[in-house]
Each structure stands twice: as C-alpha cells, then as structure tokens.
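Below is one structure, written out as structure tokens, with a few remarks after it.
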Amino acid sequence: MYSVTKDFLGKPAPPGYVAGLGRGATGFTTRSDIGPAREASAAADKLPARDKQPAEQDDPRFDDADNEVGLFRNAPYEADDEEADKIWTEIDTKMEQRHAARHEKQKTKGTDKPAIEEHFKDLKRQLQGLSEEDWDAIPDAAQLAETAC
1 MYSVTKDFLG KPAPPGYVAG LGRGATGFTT RSDIGPAREA SAAADKLPAR
51 DKQPAEQDDP RFDDADNEVG LFRNAPYEAD DEEADKIWTE IDTKMEQRHA
101 ARHEKQKTKG TDKPAIEEHF KDLKRQLQGL SEEDWDAIPD AAQLAETAC
C-alpha cells in the first residue's frame with residue numbers, strides 16, 4: 001500500500017482563508033481577537049478627583065417621584081385627581097402586600113424539605129467506621145464501566 005500526501009498540508013493558508021467557508025461557515029471576530037476597546041491613559045489615572053460643579057449636582061426637583069412641578073404645575077387639584085391618587089395608593093399597598101407574602105412564602109418554601117446533605121448524614125457516619133481493606137474493596141468506576149459494556 002502507499003499513502004498519498006496532500007499537496008496543501010505543508011503550505012500556509014492563503015490570505016483571507018476561512019476554514020469551512022465553502023460549507024457555509026462564516027468567519028467571526030471576538031473581543032479577544034481585537035483587544036481592549038481603549039487603553040487607559042496613565043495621565044488620567046494620576047489626575048485628582050474633581051469636585052462636582054453646581055450644574056452637575058442633583059436637582060432637588062427630581063427627589064420626589066410625585067413632584068408634579070412641570071406639566072401639572074398650574075392645573076387645579078380636583079376631586080377626580082384625589083380619587084386617582086387614592087386608587088394608586090391602594091394599588092401600591094396591595095402590590096407591597098403581595099410582594100411581602102410572596103417573599104415570606106419563598107423564605108419558608110425550603111424549610112419543609114431537608115437538604116440533600118441531611119439524607120446522607122447517617123451514611124457518612126457509617127463510612128467513618130470502614131477499615132482500609134473495605135475501602136480497597138470498593139471497585140473503581142472505570143472497572144464498573146468496563147464490565148457494563
């Protein structure tokens with residue numbers, strides 16, 4: 001018999017070659033191929049932290065979610081607005097109760113079933129009493145796999 005040596009095996013791949021492209025495979029580039037998006041400059045690390053400028057400080061208008069300073073600033077607060085606020089307050093209360101009940105149920109969920117370690121605790125204690133000969137008599141998993149085939 002003779003063996004045929006492929007002509008291309010000892011040669012480098014052509015530029016732009018993607019293995020399997022003829023079968024529909026596509027080339028892709030990952031972040032590790034490119035490197036980091038940008039390198040941190042040493043000068044930026046040495047700069048002291050600057051204090052917030054007045055324009056960057058938090059605007060107190062946005063502290064309260066119910067603060068209707070903008071759109072409804074000049075609108076009168078009517079009975080239907082009060083009713084809507086009451087309904088939304090009830091909804092918030094109901095949702096908080098539901099969340100608390102679900103959280104409590106989740107906390108007590110695992111207490112009725114013992115952990116898997118508890119099932120084998122007595123067997124682990126029995127293993128402490130095994131002699132060295134008993135340990136040596138335990139078959140290897142590889143031996144069991146060979147006999148099963």
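Letter by letter, the sequence shown follows residues 1 to 149 in UniProt numbering.
Don't be surprised by glycine CBs; every beta carbon is placed ideally from N, CA and C.
For D134, the secondary structure class from DSSP, reduced to helix, strand or coil, is helix.
Relative to the Cα of G16, the nearest Cα in the group F8, F120, P76 and T26 belongs to T26. Secondary structure at K107: helix, using DSSP grouped into helix, strand and coil. Counting along the chain, R125 sits inside the alpha helix (DSSP H) bounded by residues K121 to L127.
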